[in-house]
Amino acid sequence: MGSPKFYVASPLGDRTAGPEALTQLVDAIRRRGIEAHLIPMYNFRGRRNDPEYDIYDFDVVERIPDATDAYFVMTEVSPIESFRELRQIPQERTWIAWLSINFSPDPRARYFRPSEPNCRTFPPEYYRGDIPLPYEPVPADYELPGPVSTGPFATLRESIARVGSARRIRAVLTEDISIHYARRIYNSHANFITQSYYGQGFLRQTFGRDSHLITDPIRTISVPPTARDSNLVAYNGSKGQWLVPALRERMPDVNFVPIQSMSYAQVCELLSRASMYVELGLLHGRDRLPREAAHLGTPVAFVARGSAYCWDDAPVPMQYRVPFQADWADRMVPVIRAVLADPEQSRRDQAEYREWVAGEPERYEVAVDAWLSQALLT
0 MGSPKFYVAS PLGDRTAGPE ALTQLVDAIR RRGIEAHLIP MYNFRGRRND PEYDIYDFDV
60 VERIPDATDA YFVMTEVSPI ESFRELRQIP QERTWIAWLS INFSPDPRAR YFRPSEPNCR
120 TFPPEYYRGD IPLPYEPVPA DYELPGPVST GPFATLRESI ARVGSARRIR AVLTEDISIH
180 YARRIYNSHA NFITQSYYGQ GFLRQTFGRD SHLITDPIRT ISVPPTARDS NLVAYNGSKG
240 QWLVPALRER MPDVNFVPIQ SMSYAQVCEL LSRASMYVEL GLLHGRDRLP REAAHLGTPV
300 AFVARGSAYC WDDAPVPMQY RVPFQADWAD RMVPVIRAVL ADPEQSRRDQ AEYREWVAGE
360 PERYEVAVDA WLSQALLT
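So the sequence shown is residues 0 to 377, counted in numbering that gives the first Met the number 0.
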């Protein structure tokens, strides 16, 4: 076999965690002396990376010139956008990276919510039986509209729901084709990567398959020392924002500030000023904002939904994890009050979480080595 070459499909142009994680992967492969490139997802947003990612070693090629010795990494978000490359590269040299589980076209992924059989929500010591559970495990499906539709025309009904109207015939049919194609690719390709234990639980439950866990370490930048605003609580303005009014109603004196439409430097500046970060969103993978907050010394609390249900993806002490059920807001209010009243104690409580975040770069390098060792055997 000749020299291997890796091609990693990415929705170029987006400034989100997914494109950055894919760029990090190309950078990591190239640092090991192996040729690697980003390749745009066909007809998908942009043709170049966001300038913020110029800190990584990567380049962009429009297509795979020669499939010989080529390996292809695609994301779960839209397999049909990689139709051309999937025809070029054999299945055994194709890897599907599940970064944002619930963004997949497959309804099984869109409506997946974790529970104890696929992703435990308490620390390991609670399962030994010598410590009482703080509450009975609650599946993180409180806001689900219902079970996945089954039977004849199920994917067509799902397509109409996503498009928003049966009258948009062309869009509905395109979505229906995308769903069918995605399911065919997922079922036929056995090589999986995932970014979270949440993702591993989904893949085991849905496909009965194991996957390589390769998370994405956060960027770290220097932030000038800033006085904390004792009344400022930051949250993700793109995920879970519909839950914020319930907190504002109960805590009108607290300044809840969204993180949205900011550069990375602005995000870090806000988190360094905040007295707390509260994660309310349905996390489709191991999100960066809670880890970025922890890195900057800002205490974090979670509503246990999405990957935050999985303690292994969000290992903060149990008093900072609130089950996602009807009374979640009433449970979260005293958590926020306690942090704002004594943030130093909360920082002490979360020292191990900060150490866990600080250890991610080393764990990432080990995971990439393990994955490449397997991938290059094919």
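The beta carbon of each residue, even a glycine, is placed where N, CA and C say it ideally should be.
Every value quoted in this text rests on a predicted model; they were computed, and no experiment measured them.
About 6 Å separates the beta carbons of residue 253 and residue 230, which is inside the 8 Å limit, making them a contact pair. In the DSSP assignment, the residues bridged to residue 320 are 301. Between residue 171 and residue 187, the C-beta gap is not smaller than 8 Å, which leaves the two residues out of contact.
Taking C-beta atoms as the reference points, residue 305 and residue 279 fail to come closer than 8 Å. For secondary structure counted as the beta strand (DSSP E) over 3 or more consecutive residues, the stretch 148–206 holds these complete runs in sequence order: 191–193. Counting other Cβ atoms within 10 Å of its Cβ, residue 315 reaches 16 or more and is therefore classed as buried.
Burial is judged here by how many other beta carbons sit within 10 angstroms of a residue's own beta carbon; residue 350 has fewer than 16 and is exposed.
In this structure, the beta-carbon distance from residue 345 to residue 289 does not fall below 8 Å.
In this chain, residue 355 is not harboured by any beta strand (DSSP E); it is covered by the alpha helix (DSSP H) spanning 350–357. With fewer than 16 other Cβ atoms inside 10 Å of its own Cβ, residue 166 counts as exposed. As the crow flies, the alpha-carbon of residue 32 is around 43 Å from that of residue 139.
Of the candidates 82, 50, 74, the residue whose Cα lies closest to the Cα of residue 63 is 82. For residue 5, the pairing in a beta bridge is given by DSSP as 35, 70. Boundaries of the alpha helix (DSSP H) around residue 334: 327–340. Taking one beta carbon from each stretch, the stretch 2–21 and the stretch 98–116 have 3 or more pairs nearer than 8 Å; the two touch. Using a 10 angstroms sphere on the CB of residue 264, the tally of other CB atoms stays under 16, which defines it as exposed. Taking residue 225 as reference, the option from 79, 271, 183 with the minimal CA-CA separation is 271. With contacts defined by Cβ atoms closer than 8 Å, residue 164 and residue 77 do not form a contacting pair. Leaving aside the five residues that flank residue 199 on each side, the residues in its chain whose CB is nearer than 7 Å to its CB run, in chain order, 193, 210, 212. Cβ contact annotation for residue 94 (same chain, cutoff 6 Å, sequence separation greater than five): 72, 190, 192, in chain order. Residue 3 and residue 55 have their C-alpha atoms some 20 Å from each other. Here residue 142 is exposed, its C-beta having fewer than 16 other C-beta atoms within 10 Å.
A direct Cα-to-Cα measurement between residue 331 and residue 324 gives close to 11 Å. The straight-line gap separating the alpha-carbon atoms of residue 256 and residue 285 is approximately 22 Å. Excluding five sequence positions before and after residue 219, the CB atoms of its chain that fall closer than 8 Å to its own CB belong to 294, given in chain order. Under the three-state reduction of DSSP, residue 283 is assigned to coil, being neither helix nor strand. Residue 329 sits exposed, since fewer than 16 C-beta atoms from the chains shown fall within 10 Å of its C-beta.
In summary, residue 108 is buried, with 16 or more beta-carbon neighbours lying within 10 Å of its beta-carbon over all protein chains present.
Counting the other Cβ atoms within 10 Å of the Cβ of residue 300 gives 16 or more, which makes it buried. Annotation: the continuous alpha helix (DSSP H) that includes residue 264 extends over 263–272. Rounded to the nearest whole angstrom, the CA to CA distance from residue 356 to residue 168 is 47 Å. Within the model, the alpha-carbon separation for residue 338 versus residue 1 is close to 57 Å. A Cβ-Cβ separation of about 7 Å places residue 274 in contact with residue 232 under the 8 Å criterion. The residues 293, in chain order, have a CB closer than 6 Å to that of residue 353 in the same chain once the five nearest residues on each side in sequence are set aside. For the pair residue 59 and residue 39, the CB atoms are nearer than the 8 Å cut-off. Listed as beta-bridge partners of residue 93 by DSSP are 71.
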